[in-house]
Amino acid sequence: GAVVSQHPSWVICKSGTSVKIECRSLDFQATTMFWYRQFPKQSLMLMATSNEGSKATYEQGVEKDKFLINHASLTLSTLTVTSAHPEDSSFYICSASPYREGTQYFGPGTRLTVL
Amino acid sequence: AQTVTQSQPEMSVQEAETVTLSCTYDTSESDYYLFWYKQPPSRQMILVIRQEAYKQQNATENRFSVNFQKAAKSFSLKISDSQLGDAAMYFCASLQGGSEKLVFGKGTKLTVNP
């Protein structure tokens, strides 16, 4: 149980285009989903927390207009990187937490390469 | 603010031997949770073990066990009978009660030698 999927696993795009990443909880309802960014050989950096039906809460220093988060249902959250630039290239990971459970279960991650 | 410290950037162990990964944390809360996650080369974060602070008994999951020392704010992970598949980055994390955010340590890279 507690499986989280993420799609796509790898995306390459041109500078200036937008990319959407989907995160789904497959066998549980997630009241809260999280988006992280991970640079090589570093720990996870929380970008934002999203709750179903409400606006995402962004961490300090994360541009909300660049990283658009939508949590449309209890099983789906999306992260859209708008007008992507090479410095946005990174590994993006989502996680989901079942209602009141506290533990976060992670998706397999998405590698974004912006040319 | 919570902090999590992993003082060992890298560790190595022989296959079938036992290894202990260190983690210390700092929190002013009495209600919190502690976790160990494993990130193999695939980069999928996998939950290894979870400990509720109010529980005195150390959590155990098969070959994985923790030594939770609440007063010392220490939460080490012991891996017994190490296997090649245990090779990964291991992250210690804490979650305050009432908060949704995990606070991660910087990780320990574990190498398992055949």
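Top line first, the protein sequences correspond to chains A and B. Just so it is clear: in the first sequence, position 9 is 939 by the working numbering, and no numbers are missing. Just so it is clear: in the second sequence, position 61 is 64 by the working numbering, and no numbers are missing. In this text, a Cβ means the ideal position worked out from N, Cα and C, and glycines have one as well.
Quiz prompt | Where Pro1016 (chain A) sits in the DSSP three-state scheme | solution = Under the three-state reduction of DSSP output, Pro1016 (chain A) falls in the helix class.
Exercise. Identify, in the order they occur along the chain, each residue of the same chain with its Cβ nearer than 8 Å to the Cβ of Glu103 (chain B), setting aside the five sequence neighbours on each side.
Key: The answer is none, since no qualifying residue turns up.
Exercise. Spell out the partners DSSP gives Val22 (chain B) in its beta bridges.
Key: Under the DSSP definition of a beta bridge, Val22 (chain B) partners with B:Ile82.
Self-check item: Alpha-carbon to alpha-carbon, Val51 (chain B) and Lys112 (chain B)
Solution: Taking the CA atoms as reference points, Lys112 (chain B) sits about 15 Å from Val51 (chain B).
Practice problem: Pull up the distance between the alpha-carbon of Thr21 (chain B) and that of Lys950 (chain A), whole angstroms please. | Solution: Going by C-alpha positions, Thr21 (chain B) is about 43 Å away from Lys950 (chain A).
Quiz prompt | Backbone secondary structure at Asp29 (chain B) - three-state DSSP | solution = In this structure, Asp29 (chain B) counts as strand in the three-state DSSP scheme.
Quiz prompt | Local conformation of Leu1045 (chain A) per DSSP, three classes | solution = Note: Leu1045 (chain A) maps to coil in three-state DSSP.
Quiz item: Under a three-way DSSP split, which group does Leu956 (chain A) fall into?
Solution: In the three-state reduction of the DSSP assignment, Leu956 (chain A) falls in the coil class.
Quiz prompt | Cut-off 6 Å between Cβ atoms - residues of its own chain near Thr1008 (chain A), not counting five sequence neighbours on either side | solution = Same-chain partners within the cutoff: Lys950, Glu952 and Asn1000.
Quiz item: Taking all protein chains shown into account, do 16 or more other C-beta atoms lie within 10 angstroms of the C-beta of Gly97 (chain B), making it buried, or fewer, making it exposed?
Solution: Checking the sequence shown, residue 97 (chain B) turns out to be Ser, not Gly. With 16 or more other Cβ atoms within 10 Å, it is buried.
Quiz prompt | Environment of Phe94 (chain B) [buried if 16+ CB atoms lie within 10 Å] | solution = In summary, Phe94 (chain B) is buried, with 16 or more beta-carbon neighbours lying within 10 Å of its beta-carbon over all protein chains present.
Quiz item: So, are the CB atoms of Gln42 (chain B) and Ala90 (chain B) less than 8 Å apart?
Solution: Cβ distance not < 8 Å, so Gln42 (chain B) and Ala90 (chain B) don't count as in contact.
Exercise. Out of B:Asn116, B:Thr63 and B:Val106, point me to the one whose CA is closest to Tyr28 (chain B)'s CA.
Key: Per the Cα distances, B:Val106.
Practice problem: Give a yes or no on whether the C-beta atoms belonging to Thr1028 (chain A) and Phe958 (chain A) are separated by under 8 Å. | Solution: It is Pro, not Thr, that sits at residue 1028 (chain A) in the sequence shown. Yes, these two residues count as a Cβ contact at 8 Å.
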